[in-house]
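When you line the sequence shown up against our numbering, it's residues 566 to 688, in that order.
Every residue gets a Cβ at the ideal spot worked out from N, C-alpha and C, and that includes glycine.
This report refers to the structure that appears directly beneath it.
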Amino acid sequence: MNNKEYKEQLIKRAFNYARKIIALADKFPNKRSAWIITDQLIRAATSIGANIIEAQAASSRKDFINFLNHALKSGNETKFWLALARDLDRKLILEIEDLMKETDELVKILGSSLVKLRDKNKF
566 MNNKEYKEQL
576 IKRAFNYARK
586 IIALADKFPN
596 KRSAWIITDQ
606 LIRAATSIGA
616 NIIEAQAASS
626 RKDFINFLNH
636 ALKSGNETKF
646 WLALARDLDR
656 KLILEIEDLM
666 KETDELVKIL
676 GSSLVKLRDK
686 NKF
């Protein structure tokens, strides 16, 4: 897979992931705690893909790395909100755990990409 295909696959994966998070959020009960948690969950999860897209239009290598770093941070924040969501509604535990795995995979991809980009800057 070439670099362009890799980027397109990552963007598509982040987009589909965000759609799954939004669909999950709509399944929670209509109560204050669920509103707060799902609002933050949606913000963090959709920020992953948004920052990956922003990175594609970066004006410099440093800017590109910065946007990917923000995507990574949003992924880590999403893990926190998913853990709270898991405790909020146990009926959704399997779906949430699948999304937690997907979050871990996205975070690993972003982390690995950042390490490679930073290593290239050293030489």
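Taking the Cβ atoms as the reference, I586 lies roughly 4 Å from A610, within the contact range of under 8 Å. About 6 Å separates the beta carbon of E667 from that of Y582, a gap short enough to meet the 8 Å contact definition. With fewer than 16 other Cβ atoms inside 10 Å of its own Cβ, N568 counts as exposed. With contacts defined by Cβ atoms closer than 8 Å, I674 and G614 do not form a contacting pair. When C-alpha distances from K644 are compared across E573, D591, L679 and S612, the shortest belongs to S612.
A direct Cα-to-Cα measurement between S677 and K627 gives close to 16 Å.
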